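**Student:** For this note's numbering, add 677 to where a residue sits in the sequence shown, where the first one is 1.
This is the structure I want to talk about, given as structure tokens.
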Amino acid sequence: MIHYIRVMICMLAVVGSVCTGRAQTGLIFPPQEQHTHGSSLVRLSNGDLLAAWFQGTGERGADDVKIMGARLTGGAKEWSKPFLMADTRDIPDCNPVLFLNNQGKLFLFWIAVEANAWEYSIIRMRTSVDYLAPGPPVWNWQDNILLKPDDRFAKEVVSRFRDLPADRAGWGGYAPRYDDMIIEAARDPKKRSIGWMTRIKPLQLSSGRILLPLYSDGFNLSLIAISDDNGSTWRPSLPIVGRGPIQPALALKRNGHIVAYMRDSGNEPTMVQTSESADSGFSWSAARKTDIPNTASVELLTLQDGRWAFLGNTVSDGRYRLTLLLSDDEGRTWKWRTDLENDENKSGSFSYPCLIQTKDGMLRMTYSHHRKGEGESIKYVVVDPATIRP
């Protein structure tokens, strides 16, 4: 059973933040006409927060889309003016992901959308060890992450679809089945080598292994890019197979298994999907639906006190509600809940969150904040999880 709780959210400031009580909230920059979406957040070693998002006149169809960023210095109440983080000339740049590995190297992952189609996206990566000064990091390395899933990819798709309940979904009596189309596409080495996209922050294990979550709009399923050398080289996991599990967010269980929670891009009812890995992220169980409604986005985090935090759109008809859930039994039940956003008129859109916990124990979140007639921005929210009780 989910219990509703009260969290004191501060009055919204146009820029910066105002804080009273248990939480603080504010926009990173004033609402604007350009599309701003897909934010990521990281805490740097000096206490600064660095945020990134993509911005332009559209998404994959707009060649002016670029990766922007802003910095909140330690102790400051307002974010810096936005600055450029990455821009591939004449190609849309989307879905930035910030990550600091255990050696202190900063990574920016994102996608360059070739041919203005998600299915032709290329994963790009920049790194920096000089990022503490005001403004954007000084990037010292840039490369593409090129993956080559082999025939095991196709075999895994076949095997995992057999693990799922039968589904005869199609467009008509003579139409090919959804499962069969994905199985056939998985046999094509060209299709399985491109179109993988970033969205959610990586998970680094105690072994040093980095797991970078990826997904494909072409296959409508997910994959993990694995690095065992702190991000220098990458190889693909086996796919996370299901009917529409995309944009995986990862959490580590006490038994060493890794759980992925994923946005549902499959058949109705749209619910958060989940999968589990028992071998440090290489192979995954068939994805299945949970009882959490979902339309657009998920985030997942293991907290310092052992609880799990989930952040996502817990509705089946839009992005007007964004909810923070907490679990003390690794996702079997979610006993605590608070809505960060809930537009009863269903005119607002709040999605694609990033969720981190800083050393002070605070949960820090960014997400797309869109209201009709008011413009678009990225919102920053801080919540103390110790105040969230049944």
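Just so it is clear, CB atoms sit at the ideal spot from N, CA and C, and this is done for glycine as well.
Please read all numbers here as calculations on a predicted model, not as lab measurements.
Measuring only the C-alpha atoms, how far is I822 from A792?
**Tutor:** Along the sequence shown, one-based indexing puts residue 822 at 145. Along the sequence shown, one-based indexing puts residue 792 at 115. Their backbone Cα atoms lie some 18 Å apart in a straight line.
**Student:** For S904, which of G958, T979, T972 has the nearest alpha-carbon?
**Tutor:** Counted from its first residue, the sequence shown places residue 904 at position 227. Nearest option by C-alpha distance: G958.
**Student:** Would D856 be called buried (16 or more neighbouring beta carbons within 10 Å of its own) or exposed?
**Tutor:** In the sequence shown, the residue the question calls residue 856 occupies position 179. D856 is buried by the Cβ-count criterion.
**Student:** Under 8 Å: do the segment 774–781 and the segment 865–884 share three or more Cβ pairs, one atom per stretch?
**Tutor:** These segments touch.
**Student:** If you run the structure through DSSP and keep just helix, strand and coil, what is S870?
**Tutor:** Sequence index remark: in the sequence shown, residue 870 carries index 193 (1-based). S870 falls in the helix class under three-state DSSP.
**Student:** When DSSP builds the beta bridges, which residues end up paired with H714?
**Tutor:** Numbered from its first residue, the sequence shown carries residue 714 at position 37. Beta-bridge pairing links H714 to F731.
**Student:** Ignore the nearest five residues each way along the sequence and tell me which others in S870's own chain have a CB closer than 7 Å to its CB.
**Tutor:** Position 193 of the sequence shown holds residue 870. For S870, where only same-chain residues beyond five positions count, the Cβ hits under 7 Å are L824, K825, P826.
**Student:** Quick check on S993: buried or exposed, where buried means 16 or more other Cβ atoms within 10 Å of its Cβ?
**Tutor:** As a working note, residue 993 is residue 316 in the sequence shown. Exposed, by the Cβ-count rule.
**Student:** Closest to D1073 by C-alpha separation, out of R748, D1006, I799, R940, would be which residue?
**Tutor:** One cannot answer for residue 1073 here, as it falls past the ends of the chain, which runs 678 to 1067.
**Student:** Cutting at 6 Å between CB atoms, please list the residues of its own chain near W961, excluding the five before and the five after it.
**Tutor:** In the sequence shown, counting from the first residue as 1, residue 961 sits at position 284. Within the same chain, W961 has close Cβ partners I917, S952, S954.
**Student:** Using the Cα positions of R1014 and G989, report the straight-line distance between them to the nearest angstrom.
**Tutor:** Against the sequence shown, residue 1014 aligns to sequence position 337. Against the sequence shown, residue 989 aligns to sequence position 312. In a straight line, the C-alpha of R1014 is about 11 Å away from that of G989.
**Student:** Go ahead and pull the three-state DSSP assignment for P813.
**Tutor:** Locating residue 813 in the sequence shown gives position 136, where the first residue counts as 1. Here P813 sits in coil by DSSP.
**Student:** Could you round the C-beta distance between T765 and A789 to whole angstroms and report it? I think they count as a contact, below 8 Å.
**Tutor:** Indexing the sequence shown from 1 puts residue 765 at position 88. Indexing the sequence shown from 1 puts residue 789 at position 112. So it is a contact: roughly 4 Å between Cβ atoms.
**Student:** Under the DSSP definition of a beta bridge, which residues are partnered with F784?
**Tutor:** In the sequence shown, the residue the question calls residue 784 occupies position 107. In DSSP, F784 forms a bridge with F776, T804.
**Student:** Out of K758, W756, S716, G752, point me to the one whose CA is closest to L775's CA.
**Tutor:** Residue 775 sits at position 98 when you count from the first residue of the sequence shown. For the residues K758, W756, S716, G752, the minimum Cα distance to L775 belongs to S716.
**Student:** Answer yes or no: do A964 and G1008 have a C-beta to C-beta separation smaller than 8 Å?
**Tutor:** Reading the sequence shown from its first residue, position 287 is the one you call residue 964. Reading the sequence shown from its first residue, position 331 is the one you call residue 1008. No, the Cβ-Cβ distance between A964 and G1008 is not below 8 Å.
**Student:** Using a 10 Å radius around the Cβ and a threshold of 16 neighbouring Cβ atoms, would you call S722 buried or exposed?
**Tutor:** Residue mapping note: residue 722 aligns to position 45 of the sequence shown, counting from 1. Exposed, because fewer than 16 other Cβ atoms sit within 10 Å of the Cβ of S722.
**Student:** Have a look at G698 and V1059 and give me their C-alpha separation to the nearest angstrom.
**Tutor:** Taking the sequence shown and counting its residues from 1, the one referred to as residue 698 is at position 21. Taking the sequence shown and counting its residues from 1, the one referred to as residue 1059 is at position 382. Residue confidence for G698 is low, a pLDDT of 32 falling below 50, so the modelled location carries little weight; the figure read from the coordinates is stated next. So the alpha carbons of these two residues sit roughly 11 Å apart.
**Student:** Pop quiz: I768 and D740 are said to be a contact at Cβ under 8 Å. What is the actual Cβ separation, rounded to whole angstroms?
**Tutor:** As a working note, residue 768 is residue 91 in the sequence shown. As a working note, residue 740 is residue 63 in the sequence shown. Confirmed, about 6 Å.
**Student:** Take W911 and list the residues in its own chain whose beta-carbon comes closer than 6 Å to its own, dropping the five residues that flank it on each side.
**Tutor:** Your numbering for residue 911 matches position 234 in the sequence shown. Contacts found: I822, A902, S904.
**Student:** If you drop the 5 nearest sequence neighbours on each side, which residues of the same chain put their C-beta closer than 6 Å to that of R801?
**Tutor:** Taking the sequence shown and counting its residues from 1, the one referred to as residue 801 is at position 124. Once the five neighbours on either side are set aside, the close Cβ partners of R801 are W787, A789, N821.
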